[in-house]
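In the numbering used here, the protein residues as written are 6 to 460. First up is the structure itself, then whatever we jot down about it.
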Amino acid sequence: MKYTKKILEDKRIEATLSIDKKEWEDAITEAYNKNKGKYTVQGFRAGHAPRKVIEKNYGDTVFFDDAINNCFYKYYFDFLAKEKDIEPVAMPEITVNKIDENGLELGLKITNKPEVTLGAYKGLTIAKDEVSVSAGEIEHELLHLRESRVKFEDVKRPVQSGDMAKIDFSGSIDGVKFEGGTATDFDLEIGSKSFIDTFEDQLIGLKIGDKKDVLVTFPENYQEEKFKGKKAVFEVTIKAIKEKHLPELNDAFADEVSEFSTLEELKESTKKKLLDNKSKEEKSKRENKMIDLIVDSSKAEIPEVMVEAQIEDFIHDFEHRLSHQGLTLDGYLKFSNMTLETLKNSRLEDSRKTVKTRLVLEKIIENEKITVTEKDLEEKYNEFNKDGKKKSIAEIKKLMGEEQFNYFENSLLLNKLMKFLTSNNNLSDDKKEKVEETTSKKTTNAKTTAKKTAK
Numbered sequence: 006m007k008y009t010k011k012i013l014e015d016k017r018i019e020a021t022l023s024i025d026k027k028e029w030e031d032a033i034t035e036a037y038n039k040n041k042g043k044y045t046v047q048g049f050r051a052g053h054a055p056r057k058v059i060e061k062n063y064g065d066t067v068f069f070d071d072a073i074n075n076c077f078y079k080y081y082f083d084f085l086a087k088e089k090d091i092e093p094v095a096m097p098e099i100t101v102n103k104i105d106e107n108g109l110e111l112g113l114k115i116t117n118k119p120e121v122t123l124g125a126y127k128g129l130t131i132a133k134d135e136v137s138v139s140a141g142e143i144e145h146e147l148l149h150l151r152e153s154r155v156k157f158e159d160v161k162r163p164v165q166s167g168d169m170a171k172i173d174f175s176g177s178i179d180g181v182k183f184e185g186g187t188a189t190d191f192d193l194e195i196g197s198k199s200f201i202d203t204f205e206d207q208l209i210g211l212k213i214g215d216k217k218d219v220l221v222t223f224p225e226n227y228q229e230e231k232f233k234g235k236k237a238v239f240e241v242t243i244k245a246i247k248e249k250h251l252p253e254l255n256d257a258f259a260d261e262v263s264e265f266s267t268l269e270e271l272k273e274s275t276k277k278k279l280l281d282n283k284s285k286e287e288k289s290k291r292e293n294k295m296i297d298l299i300v301d302s303s304k305a306e307i308p309e310v311m312v313e314a315q316i317e318d319f320i321h322d323f324e325h326r327l328s329h330q331g332l333t334l335d336g337y338l339k340f341s342n343m344t345l346e347t348l349k350n351s352r353l354e355d356s357r358k359t360v361k362t363r364l365v366l367e368k369i370i371e372n373e374k375i376t377v378t379e380k381d382l383e384e385k386y387n388e389f390n391k392d393g394k395k396k397s398i399a400e401i402k403k404l405m406g407e408e409q410f411n412y413f414e415n416s417l418l419l420n421k422l423m424k425f426l427t428s429n430n431n432l433s434d435d436k437k438e439k440v441e442e443t444t445s446k447k448t449t450n451a452k453t454t455a456k457k458t459a460k
């Protein structure tokens, strides 16, 4: 195989691959051997008809498509192995320039990985935002904890907001019952907004044994088309009423739900957890801002083919996530009143940014010679290995499979890069926070030990 190459005005690389007569003949023979069993020729058992006989019956070019495909994959990668400066970001555009008894000529247009000019990626200062926790946030968390211990007690009075009502109901539209509109012994918390429109509000004041026709209207954006904007009637019977009782917020509650003996200790622990979470979120924001500053100060011409591939990745991932919710992409588009093209266009700018970010980070990795060694991979894997037996790199690859192993390796590379960037930029001094955290842990551990000893 011989080849030529040149750079086009749009910076793509145009290459011609010239496959000689023998190479072309070998490719056709390979295609024949692979596909001969697909053809039926009278007088021959399946897969035993000679190539010339099949070509006579089905046409001289019967094996050309597969032979061209064979040539492309073999000689294109030979070409890339010789041209080290070419790093394609997508499959090339392919044309058949010539095909005859003397061989094959393929024309390729290759989008090469663009050059990246890095801006400043060291010595940046990212200001730290102060984080705090309000009394209201602590109370909100404790309310969730109380609700996890909620109790409902039977009452004889009329339904009130907050009660759990056991009901039978049967819904109809224009006098016709509809699927999914009927249930018996259904527990409905009044005020939870679980049901549409004012359904729950209309039950307030009813007593056990009461029956009522509840009138509601389905919202215009309801997920099922046939119900959108429709008026419905639900025949409802109240079968039981339970009053909601939250446990009192006191020392006894703290002792029951935690390792702490007093409510004050529980509040302090809750505050610390909230503060830790906020601190992690704030640190993550600083790291993201650092990346944004690095990317914004860098320059790269982003090939459209990379942007299109990024959008396709998003669509594929989005469709996968929808399937876990029992939805389809077509259904989502109809519900959202948009087309696939509109959805793709909405991701255009984000996709450009994602591609540029990837290119810039790859350039930093290249510049700083950041690598993941086999030792790194073994140590990280064995750190989380549940069976406790040390695994070699060969065993890890076999256990994880190629795709999962590549993901594992890339995640470690990204972790190394982030460690490099955070250590070479000023994201504020967390020393004071760590000292306070250590002191707090010692105090909590001491109290916990005292409590366990007392018990």
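Each residue gets a CB set at the ideal place from its N, CA and C atoms; glycine is no exception.
Keeping to the same chain, check which residues put their C-beta closer than 6 Å to that of E19; ignore five residues upstream and five downstream.
K11, L13 and K114
So the alpha helix (DSSP H) M405 belongs to, where does it begin and stop?
I398 to M405
Cα separation between S351 and K395?
47 Å
Can you have a look at I243 and say buried or exposed, based on whether 16 or more other CB atoms are within 10 angstroms of its CB?
buried
Ordered along the chain, which non-local residues of its own chain (more than five positions away) have a Cβ less than 7 Å from that of K439?
Note that K439 has pLDDT 39, beneath the 50 cutoff, so the model's placement of it is unreliable and the number below is only indicative. Hits under 7 Å: none found.
Hey, is L22's beta-carbon within less than 9 Å of any beta-carbon in chain D?
Absent from the structure: chain D. Only one protein chain is present.
Quick check on E270: buried or exposed, where buried means 16 or more other Cβ atoms within 10 Å of its Cβ?
buried
Give the secondary structure of K439 by DSSP, where H, G and I count as helix, E and B as strand, and everything else as coil.
The predicted model places K439 with a pLDDT of 39, which falls under 50 and marks its position as unreliable; any figure quoted below should be read in that light. Residue state, collapsed to three classes: helix.
Is the beta carbon of I316 closer than 9 Å to that of L334?
no
I'd like to confirm the pairing. Which residues does DSSP put opposite L111 in its beta bridges?
L22 and V101
Of the residues E388, G393, L382 and F389, which one's Cα is nearest the Cα of K402?
L382
Enumerate in chain order the residues of its own chain whose CB-to-CB distance from K118 is below 7 Å, with the five nearest sequence positions on each side excluded.
E92 and V94
Does P308 pass the burial test, meaning 16 or more other C-beta atoms within 10 Å, or should it be called exposed?
buried
Would you kindly work out how many angstroms separate the C-alpha atoms of V219 and E240, rounded to a whole number?
6 Å
Touch test, the region 204–223 against the region 120–140, Cβ-Cβ under 8 Å, three pairs minimum
no
Going by CA-CA distance only, name the one from L417, A237, E146 and A245 that's closest to E194.
A245
Is the beta carbon of E110 less than 9 Å from the beta carbon of A72?
no
Assign D25 to buried or exposed, taking buried as 16 or more other Cβ atoms, counted over all protein chains shown, within 10 Å of its Cβ.
exposed
Kindly indicate which residue of N429, Q228 and K79 has the alpha-carbon position closest to the one of G331.
Q228
Once you ignore the five residues that flank N40 on each side, which residues in its own chain have a CB closer than 8 Å to its CB?
F68 and D71
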